[in-house]
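In my numbering, the protein residues as written are 108 to 414.
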C-alpha cells in the first residue's frame, strides 16, 4: 500500500514528538538556513577536506543540497557531522561517484524522499534531480513544509555540453510544471544546485518563464559582463567574491523558489541570498587556500522563516 506524503508526515511527526518530547518548540530556530554546495569530487578520504566541509555545513546550514559526493563520502560526512549534532542524509541514485545528496539536521526536520526526476537525466549517465519533502518540527504543527529539489546539470564547456544543459533545462521545466499541476503536491517548491550556467544564459532558457524566482539572479553578474568568457573574477563593492565557481567566474550554483501567493516566496527572508566568502564567512586566511583545499565552488545560502 502506498502511503501519501501527508499521511507519512503526520505519522512521522507524531513518532518524532513522542521520542523527542524534550526538544521544546521555543528552542527551535525562527529561521532555517537552506543552501547548495558542490564539494568537487568528495569521497571523504581526505581528512583535512572532510574536516573543513563538515565545519562549513555545521556552522552555516540547517539543510543543504550537495553535489559531487560519493556514497562513501556521504557516510563519512554524516559520521563527522554527528560528532556535534545529529545529521542525516538522502543520497541520489545516479551519478556514480558524483551524486547529489540532501543533508539535514534531524532535530529540525521530518523528511521523506519523494522521487528522482529521471527524464532530466537525458543520457542516463548524468544526475537525476533528487526530490524530497521536508517539514520543520514544531509542537503546534505549524512548521514550514516544502519540497526541495537538488539539481546537478551537465558540466563542461563547448557546444555539446551547452546543448545538453539546454535540453536538461527544458526537461526540468516539464517536471516542474507536472509537479505544480498535481493537486497532491506541496506548493512550496525550492529548487537548488549546480546548474553549470548563469540564470541568463541560453542553457537556462527553459526555466526563464517558469513560475519560479531565481534568488541568485540578484547577486550574479549581468549578461553584458558575460562571465563565461572569463573576463576576470568579479567582486562586490565590499570585496566579497561575486561568483560561485572559480573556473568560470560565474554564479552557476543557484537557489530558485516557487512564486507567491502560494509558493516559498512567502517564507523567504528578503535579501538573505548570499555566496559565502572564503575569508569573510568561512574563516579561511586566503581565497587561494580555500579553493586548493576544499572546492572550486563556493556554498550559496538563503534564509527562510521556520513557520
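C-beta atoms are modelled at their ideal positions from N, C-alpha and C, and glycine is treated no differently.
Here the structure is a predicted model, which means the values were calculated and not measured.
Quick one: give me the first and last residue of the beta strand (DSSP E) that residue i is part of.
i: residue 269; result: Here residue 269 belongs to no beta strand (DSSP E); instead the alpha helix (DSSP H) covers 266–288.
i: residue 220; result: 216–223
i: residue 195; result: 194–198
How many angstroms separate the CA atom of residue i from the CA atom of residue j?
i: residue 414; j: residue 348; result: 32 Å
i: residue 401; j: residue 180; result: 14 Å
i: residue 252; j: residue 214; result: 15 Å
i: residue 396; j: residue 384; result: 12 Å
i: residue 203; j: residue 304; result: 22 Å
i: residue 281; j: residue 136; result: 35 Å
i: residue 269; j: residue 308; result: 10 Å
i: residue 369; j: residue 228; result: 29 Å
i: residue 132; j: residue 237; result: Residue placement at residue 132 is flagged as unreliable, the pLDDT there being 43, under the threshold of 50; the coordinate-derived value follows with that caveat. When rounded, the distance between both Cα atoms is 29 Å.
i: residue 318; j: residue 390; result: 37 Å
i: residue 271; j: residue 172; result: 22 Å
i: residue 162; j: residue 197; result: 19 Å
i: residue 244; j: residue 286; result: 24 Å
Please identify the residue among the options whose C-alpha is closest to the C-alpha of residue i.
i: residue 275; options: 323, 240, 306, 226; result: 226
i: residue 382; options: 322, 368, 371; result: 322
i: residue 175; options: 262, 228, 192; result: 262
i: residue 185; options: 167, 158, 200, 205; result: 158
i: residue 219; options: 393, 207, 386, 195; result: 195
i: residue 241; options: 254, 284, 235, 231; result: 254
i: residue 147; options: 205, 197, 243, 310; result: 205
i: residue 188; options: 151, 216, 267, 177; result: 151
Is the beta carbon of residue i sitting closer than 8 Å to the one on residue j?
i: residue 404; j: residue 352; result: yes
i: residue 409; j: residue 375; result: yes
i: residue 362; j: residue 297; result: yes
i: residue 192; j: residue 166; result: no
i: residue 299; j: residue 257; result: yes
i: residue 199; j: residue 223; result: yes
i: residue 209; j: residue 170; result: yes
i: residue 365; j: residue 371; result: yes
i: residue 302; j: residue 380; result: no
Tell me whether residue i sits in a helix, a strand or coil according to DSSP, three-state version.
i: residue 179; result: helix
i: residue 342; result: strand
i: residue 325; result: helix
i: residue 144; result: strand
i: residue 378; result: coil
i: residue 229; result: coil
i: residue 160; result: helix
i: residue 387; result: coil
i: residue 129; result: Since pLDDT at residue 129 reaches only 40, below the 50 mark, its modelled position is unreliable, and the value read off the structure follows with that caveat. Correct three-state label for residue 129: coil.
i: residue 301; result: strand
Assuming residue i is part of the alpha helix (DSSP H), what are its boundary residues?
i: residue 313; result: 312–315
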